[in-house]
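Some notes on the structure that comes next.
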């Protein structure tokens, strides 16, 4: 769960929490709005493991450290990964607060998370034609229609940060085919797919950029916008888990 999106953690029943700092070799989240703990429990009647807060390449961690939790999930038997993030929208049809179901992504990180010796969880050259599971996306659409929740679809571009994008960068990323941009998610998804874990992702559009009028962005505003959209995102996640 990304910036400002930790509300789902409070809905987990029979929860057991383990702070990241208490887990050997586990990185520690340093970003405001990321609680930094693993939560084991039940959601939608299913056994789940939640990460309340994630790690970022811009914090100084290596790609192997950023994606280490996904390797742990694989060893624990996790079959489906749900990812969320706060992102900047570049699609002129988007509004602040929109929930963007991630259909695909563009990897703009300077280092690849599978660089180096290949782990035996997957092939040397894993296929990425459907990084985000189509059946789960279709289920999310159905749930959104049933509950009257506005969702949009798009391509997420992951870049290293930690600066927010310039207006020119927003425009460039949109020309490349991206609808939203953020500083996370892509490395974890790549490793999850390498492990055979299916993925569903939502970006909460917390700011807009690349249009005629430049808009100043702050981390606090991103958190506020993400907080406002949390209940709707939680509803979709909870229902998918229940129906899967």
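Numbering (this note's numbering), first residue to last: 4 to 247. All C-beta atoms in this analysis are idealised placements derived from N, C-alpha and C, irrespective of residue type, glycine included.
Residue 86, enclosing beta strand (DSSP E) - first and last residue = In the chain shown, residue 86 corresponds to position 83, counting from 1. Start and end: 83-92.
Specify whether the stretch 74-81 and the stretch 169-176 touch according to this definition: at least 3 beta carbon pairs, one from each stretch, less than 8 Å apart.
-> Flag = no, the stretch 74-81 and the stretch 169-176 do not touch.
Evaluate the contact criterion for the stretch 93-112 versus the stretch 121-129: three or more CB pairs, one atom per stretch, below 8 Å.
-> no
Which residue or residues does DSSP assign as beta-bridge partners of residue 19?
-> For this step, residue 19 is matched to residue 16 along the chain shown. 43, per the DSSP bridge assignment.
Which class does residue 101 belong to by DSSP, given the choice of helix, strand or coil?
-> Looking up residue 101 in the chain shown gives position 98. It is coil, neither helix nor strand.
3 or more residues per run - each beta strand (DSSP E) lying fully within the stretch 170-221 | 183-185 and 201-211
Counting only runs that start and end within the stretch 137-175, where is the alpha helix (DSSP H) found for 4 or more residues in a row?
-> 137-150
Sort out for me which residues DSSP pairs residue 248 with in a bridge.
-> The first residue shown for the chain is 4 and the last is 247, placing residue 248 beyond what the model contains.
Which partner residues of residue 51 appear in the DSSP bridge assignment?
-> Here residue 51 corresponds to residue number 48 of the chain shown, with the count starting at 1. Answer is 44.
Give the DSSP-derived three-state secondary structure of residue 245 in the structure shown.
-> Counted from its first residue, the chain shown places residue 245 at position 242. Reduced to three states, the DSSP call for residue 245 is helix.
Do you know offhand how far residue 247's Cα is from residue 142's?
-> Position 244 of the chain shown holds residue 247. Position 139 of the chain shown holds residue 142. Take the alpha-carbon of residue 247 and the one of residue 142: they are about 9 Å apart.
For residue 48, count neighbouring Cβ atoms within 10 angstroms of its own Cβ and tell me buried if that reaches 16, exposed if not.
-> What you label residue 48 is simply residue 45 of the chain shown in a count that begins at 1. By the neighbour-count rule (16 or more Cβ atoms within 10 Å), residue 48 is not buried but exposed.
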